[in-house]
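Everything in the sequence shown is counted per our numbering, starting at 1 for the first residue and increasing by one.
First up is the structure itself, then whatever we jot down about it.
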Amino acid sequence: MNLTLPMWPVYLVDIAGSSLSIFLAFGAVFLSRKLSRSDTANALLTYLLWISIAFGIFTLFRSVSRLLKFILIIFGYKSVWKALSPFAGAVESITLVFVAALTFYYERVKKSYRSLIREMDLLQDAQEEIGLLNKNLGREMDRIRESECRLENAHEEISKLIDQVRSGGDLSIRYKNTNLIRCWEIKDCVYENCPAYQSDHLRCWHLGKVYCCRIKAGKSGKECNCESCEIYISAHKDPLARLGERFNDMMHFLENQQKELQEANRDLKEMDRKKSKFLDIVAHDLRTPLTSILAYADLLLRYKSESAGTRDEFLRTIVHESRRLGDLINDYLDLSKIES
Numbered sequence: 001m002n003l004t005l006p007m008w009p010v011y012l013v014d015i016a017g018s019s020l021s022i023f024l025a026f027g028a029v030f031l032s033r034k035l036s037r038s039d040t041a042n043a044l045l046t047y048l049l050w051i052s053i054a055f056g057i058f059t060l061f062r063s064v065s066r067l068l069k070f071i072l073i074i075f076g077y078k079s080v081w082k083a084l085s086p087f088a089g090a091v092e093s094i095t096l097v098f099v100a101a102l103t104f105y106y107e108r109v110k111k112s113y114r115s116l117i118r119e120m121d122l123l124q125d126a127q128e129e130i131g132l133l134n135k136n137l138g139r140e141m142d143r144i145r146e147s148e149c150r151l152e153n154a155h156e157e158i159s160k161l162i163d164q165v166r167s168g169g170d171l172s173i174r175y176k177n178t179n180l181i182r183c184w185e186i187k188d189c190v191y192e193n194c195p196a197y198q199s200d201h202l203r204c205w206h207l208g209k210v211y212c213c214r215i216k217a218g219k220s221g222k223e224c225n226c227e228s229c230e231i232y233i234s235a236h237k238d239p240l241a242r243l244g245e246r247f248n249d250m251m252h253f254l255e256n257q258q259k260e261l262q263e264a265n266r267d268l269k270e271m272d273r274k275k276s277k278f279l280d281i282v283a284h285d286l287r288t289p290l291t292s293i294l295a296y297a298d299l300l301l302r303y304k305s306e307s308a309g310t311r312d313e314f315l316r317t318i319v320h321e322s323r324r325l326g327d328l329i330n331d332y333l334d335l336s337k338i339e340s
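As C-alpha cells, then:
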C-alpha cells in the first residue's frame, strides 16, 4: 500500500518563508540606508549598506526562483523550470561572489579606516593642544598688555616724581609701593631700638640694615645681604616694583648725600668761624711785640741825643720783643704742622 502525502503544506511554508525573506531583506536594506545617510563618513555603515543590498538581491532571486519553481511545477511546466534553474543558480552564485568580494574589500578598507581614525584622533589631540596653546598665548598676551599698561603708569608716576624733585628739590619723595610689608610683624621683632621698628618708613633695608646685621646676625653692614630677606623680596617681586624701588634707592642715596653735604657745610662754617677767631688771636699776639719793636725803633731815631744807657735799654727791648715775635712765629708754625 502506497501512502501519498499532500505537498501543498510544504509549498505553503516555502512560499511564506520566501516572502518573509524578501520582506526582511528589503527591511534590512532600508534600515542600512537610513543609518548610512546619518553618518556618510562611517565606512562600517557603508559596508553594511552594500552587504545588505547584496543579500537582498540574493534573497530576492532565490525567493523568486523558489516561487517560480512551485508555480511552474503546479501548472505542469516542470521542463521550463529545468531550463531556467541554471540561470537562477548562476545569479545566486554571482551574488555570493559579490558578497565575498565586498567582505574582502571591507577588510582592507577597515585597516585604512582604522588608520584614518587614529590619524583623526591624533589630529584632534593636536587641535586640542593648539587650542590650549592659543588660550595660554592669549593669557600671556593679556598679561603682557597688562604689564605694559602698568609699566606705562609707573613711568608716568616716576616722571611726575622727578618733576616734583626738580621743581621743589624735595628728596624725601618716594614711589608708592603697595607690596611693602611691616618687617617687625613678619619677623616677630622685639628689638624696639631698631630704627625701622614701627616706623612709617617701611623700607627697613634703608633704615635698619646696620642694626639688623649687628644685633641679629652679628655682621657688619657691608657683609649683610638684605636681598635674601622676605621683606625685600616682597617689595621687589615684580619688575614694576623693582623699577620703583630703584628710584627710591636713588632718592634715599641722594637724600643721605644731601644730609652729609649739609653736615659737612655746617662743619666747614664752624671751622671757618674758629679759623677767623684763631687768626684774630694770632694777629693780636703778633701785633703786640711788633708794635713794641716799631715804637722803640722810632724812639731811637727821634732821640739821638739820649744817653748811651737809655739807647742801650731801647735796643735791649727791641731785641727782646724780636725774640718773642720769633718764638710766636715758630709756635704757630709748629701748630700748623700738627694740624696738617
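For glycine and all other residues, C-beta sits at the position ideal for the given N, C-alpha and C.
None of these values were measured; they are calculated from a predicted model.
Three-way DSSP call (helix, strand, coil) for residue i in this model
i, result
"G17", "helix"
"T40", "coil"
"G89", "helix"
"G131", "helix"
"S307", "coil"
"K274", "helix"
"K259", "helix"
"D312", "helix"
"D267", "helix"
"H320", "helix"
"D249", "helix"
"G221", "The pLDDT assigned to G221 is 48, lower than 50, so where the model puts this residue is not dependable; a value taken from the coordinates is nonetheless given after this. Three-state result, G221: coil."
"K34", "helix"
Straight-line gap, residue i to residue j (C-alpha atoms, nearest Å)
i, j, result
"V319", "Y332", "20 Å"
"L137", "R242", "25 Å"
"E239", "K135", "Reading off the sequence, residue 239 comes out as Pro, not Glu. Cα to Cα, P239 sits roughly 24 Å from K135."
"K111", "K78", "49 Å"
"F58", "N42", "25 Å"
"L325", "E260", "42 Å"
"K277", "A235", "52 Å"
"R287", "T310", "24 Å"
"A83", "Y113", "45 Å"
"R182", "L132", "41 Å"
Closest Cα partner of residue i within the set the options
i, options, result
"I74", "R108, S112, F87, I15", "I15"
"V29", "L12, G17, A41, L60", "L60"
"G17", "R62, V80, T40, T46", "R62"
Environment of residue i [buried if 16+ CB atoms lie within 10 Å]
i, result
"K69", "buried"
"E321", "buried"
"I329", "exposed"
"T95", "buried"
"P289", "buried"
"E245", "buried"
"A25", "buried"
"S159", "exposed"
"L254", "exposed"
Open item on the list: Quick check on the DSSP output: what are the complete beta strand (DSSP E) runs of length 3 or more inside the region 51 to 116, in order along the chain?
Closed with: Correct list: empty.
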